[in-house]
Amino acid sequence: MKRESNVMHNTLFRFVKQVASLAQKLTDAALMELSDPAGNGFAGWKHAVLLYLREHMSAEYEEIIDWAEEMERVRAVLNLQRGEFPAPSTLCKAFKRASMTVWRQLLRRSAELLDQNGHAAIDATYFDRQQASSHYLRRIDRSVKTIQTTFLVDTAEGAILDLHCSTKWPDETKIGPKVALRNAGDLRSLAADKGYDDMSFREELRNAGIRPLIKHRVFAPYDHAHNARIDDELYGQRSQTESVNSSIKRSHGSAVRARDWFRQFREITLIAGVYNVEQAIER
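When you read off a place in the sequence shown, starting at 1, and then add 882, the result is the number in my numbering.
What follows is the structure in structure tokens.
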């Protein structure tokens, strides 16, 4: 039992070290968003580490601070002594304060921990909203029970490169270009199922130097011919997105905990970054 406990602590320590390294590389603007505006000296990157750790351990704010205070090596990484950790409410406010831009930066840096080959796949999944904001539901005059999340995944080691969240379930052909083209410099090809079948999307990908591997919906014999020309090996790697979706929901659950939609989007982005780090330290 003692050996198992040591292994668990070593894994958690590696996770903390890795996230600390990523968070310290954030832009000054991102670090300012995370830092306590009261100027208590608690750096933004330390907030990021504790928030990532909270999601990694599926803990509450109080629990993660209590645990971190008792771990000598974690205190050393954060350069904190017992009694110097932020209050749970301070950590919660840091999560609310930081915009999606901050979490996207961390997600992108976390993806760099895993090997990438430029061949990506895109697909959507859904997260349940356990505590949706009643004000938001009244404002849009309907009950939104799930968040549509579109993941862009590199197929080498399953790194999540980017994502898009929405409570309105937009057409996949509208989301696909938005996610893919803002990452065009890192992509050589993009695989997607028939839900992304749109000629203008394919043309946008080609113009950006990305090879489209998108199945055609079959309405005529020439659609079969188009599908037959798609590289089966590269297209087959599209299953990486399904593996990523399944792994995230097994490890982190299929429901978000935050109340408001904007914090739910941030929570999912944080979960994606945690997933990348978890995969990296397991290899």
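No residue lacks a Cβ here, since even glycine has one placed at the ideal position from N, Cα and C.
Label residue 1158 either buried or exposed according to how many other C-beta atoms from any shown protein chain fall within 10 Å of its C-beta, with 16 as the threshold for buried.
-> buried
For residue 984, which residues from the same chain have a beta carbon less than 6 angstroms from its beta carbon, with the 5 sequence-adjacent residues on both sides left out?
-> 912, 915
Figure out for me which residue from 970, 1050, 995, 1122 has the closest Cα to the Cα of residue 1165.
-> 995
How many whole angstroms separate the CB atoms of residue 1033 and residue 1138, which I take to be in contact at a CB cut-off of 8 angstroms?
-> Their Cβ separation, rounded to whole angstroms, is 15 angstroms, which puts residue 1033 and residue 1138 out of contact at 8 angstroms.
By how many angstroms is the C-alpha of residue 966 removed from the C-alpha of residue 1047?
-> Looking at the two C-alpha atoms, the distance is approximately 35 angstroms.
Would residue 927 be called buried (16 or more neighbouring beta carbons within 10 Å of its own) or exposed?
-> buried
Check whether residue 988 and residue 902 have beta carbons under 8 angstroms apart | no
CA-to-CA distance, residue 1151 to residue 1143, given in whole angstroms = 13 angstroms
Indicate whether the contact test is met: 3 or more Cβ pairs, each with one atom in the stretch 1003 to 1013 and one in the stretch 1064 to 1077, closer than 8 angstroms.
-> yes
Residue from 1088, 1092, 1096 with nearest C-alpha to residue 1080 = Out of 1088, 1092, 1096, 1096 has the C-alpha closest to the C-alpha of residue 1080.
Counting only the same chain and skipping the five closest in sequence on each side, list residues whose C-beta sits under 7 angstroms from that of residue 898.
-> 931, 935, 956, 959
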